[in-house]
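See structure below.
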Amino acid sequence: MSSEPAHALVQRMLDGDRRALARLFTLLEQSAESRSEIVKGIHPRLSGAYVIGVTGPPGAGKSTIADGLVRIFRESDAKVGVLAVDPSSPFSGGAILGDRVRMRRHYLDRGVFIRSLATRGDQGGLSRVVPAAIRLLDAFGMDVVIVETVGVGQTELEVASTADTVVVTLVPEAGDGVQAMKAGLMEIGDIFVVNKADRPGADRAASDIRAALALGTPGTDWNPPIVMTEAHRGKGVQELHDKLQEHRAILERTSGERTSGLDERRRHRLRREFAAALREVVAAEIDTMISSDGVLSELAARVQAGELDPYAAAAEAVGGGHLVRKTAGEEASRPPRAHPDAD
Ligand SMILES: Nc1nc2c(ncn2[C@@H]2O[C@H](COP(=O)(O)OP(=O)(O)OP(=O)(O)O)[C@@H](O)[C@H]2O)c(=O)[nH]1
Ligand SMILES: [Mg+2]
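See below:
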């Protein structure tokens with residue numbers, strides 16, 4: 442049963458089977474092959490779920506906020522998927538347990554699906570797995586997908602910034618705002634949250650954020666709002682939800698011939714997804730070609746013999762068009778290429 446093929450699982454998932462959905466997530470994380478098969482299989486069933494990114498420093502309350510948002514979205518019957526990327530940050534080791542406790546509350550609710558993705562240490566993992574996971578939840582019928590990522594590191598920021606609406610969560614602790622600026626969080630936020638507003642310094646944090654935002658040059662008709670929350674008590678989360686809806690409405694607005702901001706963001710996301718898929722496919726192709734007879738293994742041998750440095754060899758492989766695996770027929774019918782060193 443564990444070896445049920447991906448396409449069969451996809452069929453069951455599309456019929457609403459949650460266990461099939463869970464299995465598909467495991468496959469997505471496991472291999473590039475099944476990832477491509479799954480993404481292909483669900484493609485006709487995508488319906489453009491709204492993607493909300495929740496990012497910020499470790500322990501800021503992102504999961505608590507996501508949980509509060511789920512509750513509010515469910516009141517209007519919207520189906521919600523949550524992806525928690527690397528929830529077990531070393532800074533708040535209790536998070537996994539916390540996530541599990543919260544998860545239990547939504548466990549019997551068929552309109553909610555929460556999944557943790559472990560991609561830590563795998564630089565490309567995030568950009569490959571997260572978009573595919575969003576697609577999976579979309580195909581399952583989720584109206585909204587919340588993606589929680591820790592706002593540290595370039596890859597995390599890039600993943601977060603491809604959401605339709607990005608919520609940056611900060612806390613009143615001294616210096617947090619400055620760190621956020623350094624980490625590049627100020628640039629990607631559509632909505633800022635000062636969580637743990639029950640702690641001293643919340644107003645100060647909000648005015649720091651306001652000041653930092655004023656330095657930027659957004660040049661749009663959206664002025665990122667700052668929402669104060671005490672997420673552990675559910676306070677302020679409704680206001681955050683309302684701001685999310687407002688931002689979405691503005692993004693969906695089109696004026697004249699101009700494409701909507703939403704289309705623009707999604708095009709950006711699709712281009713990134715394409716680039717990630719391409720890198721994945723090309724990398725696999727290189728591994729195949731280099732370990733079988735052909736120009737790449739010859740170049741590898743020359744590097745091994747010290748005749749060429751690895752970069753010169755790579756440049757020759759690309760420049761010579763050797764990354765295209767040719768069939769026997771093609772090889773025969775093409776005129777021989779001039780050797781790049783010939784002149
Ligand atoms: N005092 C206070 N504590 C809060 C508030 N919101 C969340 N917490 C607590 O802060 C801790 C961390 O919350 P999480 O929601 O797990 O934070 P997170 O940002 O998801 O953490 P990581 O995923 O590990 O980065 C938990 O113990 C929460 O109960 C708040 O508004 N005030
Ligand atoms: Mg968390």
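Residue 649 in this note's numbering is what sits at position 208 of the sequence shown, and the numbering runs on without skipping anything.
Where a beta carbon is used, it is the ideal one built from N, C-alpha and C, also for glycine.
- Message: Using 8 Å as the cut-off, can you tell me whether the stretch 712-727 makes contact with the stretch 630-644, which would need three or more C-beta pairs spanning the two stretches below that distance?
- Response: no
- Taking the C-alpha atoms as reference points, what is the distance between A507 and G497? Mapped onto the sequence shown, residue 507 falls at position 66. Mapped onto the sequence shown, residue 497 falls at position 56. Whole-angstrom Cα-Cα distance: 12 Å.
- Those residues which DSSP pairs with F633 across a bridge: For the purposes of this step, residue 633 is taken as the residue at position 192 of the sequence shown. Bridge partners of F633: V609, I667.
- Completely contained alpha helix (DSSP H) runs for the stretch 477-502, where each covers 4 or more residues: none
- Quick check: the stretch 709-722 against the stretch 749-764, are there 3 or more CB pairs under 8 Å? no
- Item | Host beta strand (DSSP E) of A525 (start-end) | Within the sequence shown, residue 525 is the residue found at index 84, counting from 1. Where A525 is concerned, the enclosing beta strand (DSSP E) stretches over 521-526.
- Task: State the DSSP-derived secondary structure class of L598, mapped to helix, strand or coil.
- Result: The residue given as residue 598 occupies position 157 in the sequence shown. L598: helix per DSSP, three-state reduction.
- Are R476 and L469 touching if we call contact CB-CB under 8 Å? Your numbering for residue 476 matches position 35 in the sequence shown. Your numbering for residue 469 matches position 28 in the sequence shown. Contact flag set, yes.
- Query: Which residues in the same chain as R713 place their Cβ atom closer than 8 Å to its Cβ, once the five residues preceding and following it in sequence are excluded?
  - Reply: Position 272 of the sequence shown, counting from 1, holds the residue named residue 713. Closer than 8 Å at the Cβ level, and outside the excluded window around R713, lie S568, P572, E599, T603.
- Query: Is K520 near M583, with beta carbons less than 8 Å apart?
  - Reply: By one-based count along the sequence shown, residue 520 stands at place 79. By one-based count along the sequence shown, residue 583 stands at place 142. Result yes, Cβ atoms of K520 and M583 sit closer than 8 Å.
- Task: Using 10 angstroms around the beta-carbon of L549, count the other beta-carbons present and answer buried if the total reaches 16, otherwise exposed.
- Result: The residue you call residue 549 lines up with position 108 of the sequence shown. Its Cβ having fewer than 16 others within 10 Å, L549 is exposed.
- Could you tell me which residues DSSP puts in a beta bridge with L558? Within the sequence shown, residue 558 is the residue found at index 117, counting from 1. Answer is V526, bridged to L558.
- Task: Could you tell me if the beta carbon of K503 falls within a distance shorter than 7 Å of some heavy atom in ligand 2?
- Result: Taking the first residue of the sequence shown as position 1, residue 503 is located at position 62. Checking the Cβ of K503 against ligand 2 gives yes.
- Query: Cβ of A559 within 7 Å of any heavy atom in ligand 2?
  - Reply: The residue you call residue 559 lines up with position 118 of the sequence shown. Not under cutoff, so the answer is no.
- With distances taken between CB atoms, is the gap from I587 to I493 smaller than 8 Å? Here residue 587 corresponds to residue number 146 of the sequence shown, with the count starting at 1. Here residue 493 corresponds to residue number 52 of the sequence shown, with the count starting at 1. Yes; because the gap between Cβ atoms is below 8 Å, this pair is in contact.
- Message: Using the three-state DSSP reduction, which class does A536 fall into: helix, strand or coil?
- Response: For the purposes of this step, residue 536 is taken as the residue at position 95 of the sequence shown. Annotation note: pLDDT 44 at A536 (below 50); position unreliable, coordinate value reported separately. In the structure shown, A536 sits in a helix (DSSP, three-state: H, G or I).
- Residues in its own chain within less than 8 Å of A447 by CB, not counting five upstream and five downstream? Residue 447 sits at position 6 when you count from the first residue of the sequence shown. If we look at A447 and ignore the five residues flanking it on each side, its Cβ neighbours are L465, L468, S475, E478, I479, G482.
- Message: What does the alpha-carbon distance come out to for the pair P613 and K637?
- Response: Taking the first residue of the sequence shown as 1, we reach residue 613 at position 172. Taking the first residue of the sequence shown as 1, we reach residue 637 at position 196. Going from the Cα of P613 to the Cα of K637 covers about 7 Å.
- Count the other CB atoms within 10 Å of the CB of F532; is the residue buried (16 or more) or exposed (fewer)? For the purposes of this step, residue 532 is taken as residue 91 along the sequence shown, with counting starting at 1. With a pLDDT of 39 at F532, under the threshold of 50, the modelled position of this residue cannot be trusted; read the value that follows with caution. Classification of F532: exposed, given that the 10 Å Cβ count is below 16.
- Task: Mark T695 as exposed unless 16 or more other C-beta atoms lie within 10 angstroms of its C-beta, in which case mark it buried.
- Result: For the purposes of this step, residue 695 is taken as the residue at position 254 of the sequence shown. Classification for T695: exposed.
- Starting from E589, trace the beta strand (DSSP E) both ways and give me its first and last residue. In the sequence shown, counting from the first residue as 1, residue 589 sits at position 148. Segment 585-591, the beta strand (DSSP E) holding E589.
- Is D631 closer than 8 Å to H682 when the C-beta atoms are compared? Here residue 682 refers to the residue found at position 241 of the sequence shown. Here residue 631 refers to the residue found at position 190 of the sequence shown. Not closer than 8 Å, so no.
- Nearest to K684 by alpha carbon, out of P751, S648, F633, V765? One-based indexing of the sequence shown puts residue 684 at position 243. Comparing Cα-Cα distances from K684 to each of P751, S648, F633, V765, the minimum goes to F633.
- Item | M627 versus V744: straight-line alpha-carbon distance, rounded | In the sequence shown, residue 627 corresponds to position 186, counting from 1. In the sequence shown, residue 744 corresponds to position 303, counting from 1. Using only the alpha carbons, I get a separation of about 45 Å.
- How long is the line joining the alpha carbons of V736 and G566, rounded to whole angstroms? Indexing the sequence shown from 1 puts residue 736 at position 295. Indexing the sequence shown from 1 puts residue 566 at position 125. Cα to Cα, V736 sits roughly 29 Å from G566.
- Query: In whole angstroms, what is the alpha-carbon distance linking G625 and Q595?
  - Reply: Taking the sequence shown and counting its residues from 1, one reaches residue 625 at position 184. Taking the sequence shown and counting its residues from 1, one reaches residue 595 at position 154. So the alpha carbons of these two residues sit roughly 9 Å apart.
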